[in-house]
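In what follows, a structure is listed as structure tokens, so that the remarks can point back to it.
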Amino acid sequence: EALWRAHFSQLTINGQYYAPLVRHLREKIKEKRRGMLRRGVLFHQDDAPQQQHPPYSPDLAPSDFHLFPNIKRHLAGIRYATNDVIAAVNDFLQEQDKTFYEIGIKALQRCWKKCVDLQGGYVEK
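For what it's worth, the numbering used here labels the leading residue of the sequence shown as 36, then goes sequentially.
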């Protein structure tokens, strides 16, 4: 069976169709390029329209802006089982005093203002 599949332009691609297609591609990559999945795969779809703006901007997402970087630093270098990492994150969040959250909210407000001033342009941290 081929690594690629032809798709007709009149076909509507939805999650029900697309998920098995991506699973098939993953299996074929595992067969033909064993170590590639460990290094990451760049997946480019032809004829996909170019995005004029980022569909998701971590500059403006509250969790990515302040919480996740701090949680990642807290968990760095330690391997956890799933339930243990959930407990470690909960503990970390509960240990923070209100200034931790205030700092994040105030910094995010400044970032939002810069983004508005730049008319949606990239905001340096």
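We treat Cβ as the ideally placed atom computed from N, Cα and C, and that holds for glycine.
- Around Arg-61, the same chain offers Leu-72 as residues with beta carbons nearer than 8 Å, after the five sequence neighbours per side are excluded.
- Inter-residue distance for Ala-96 and Ala-116 is about 27 Å (C-alpha atoms, whole angstroms).
- In the three-state reduction of the DSSP assignment, Ala-123 falls in the helix class, which pools H, G and I.
- Nearest in C-alpha terms to Gln-129, of all of Asn-49, Gln-51, Leu-102 and Lys-65, is Leu-102.
- At a Cβ-Cβ threshold of 8 Å, Ile-113 and Phe-127 do not count as neighbours.
- In the displayed model, Asp-132 falls within coil according to three-state DSSP, outside both helix and strand.
- The Cβ atoms of Cys-146 and Phe-100 lie closer than 8 Å to each other.
- In this chain, the alpha helix (DSSP H) harbouring Tyr-53 covers 50 to 67.
- Cβ contact annotation for Val-120 (same chain, cutoff 8 Å, sequence separation greater than five): Leu-110, in chain order.
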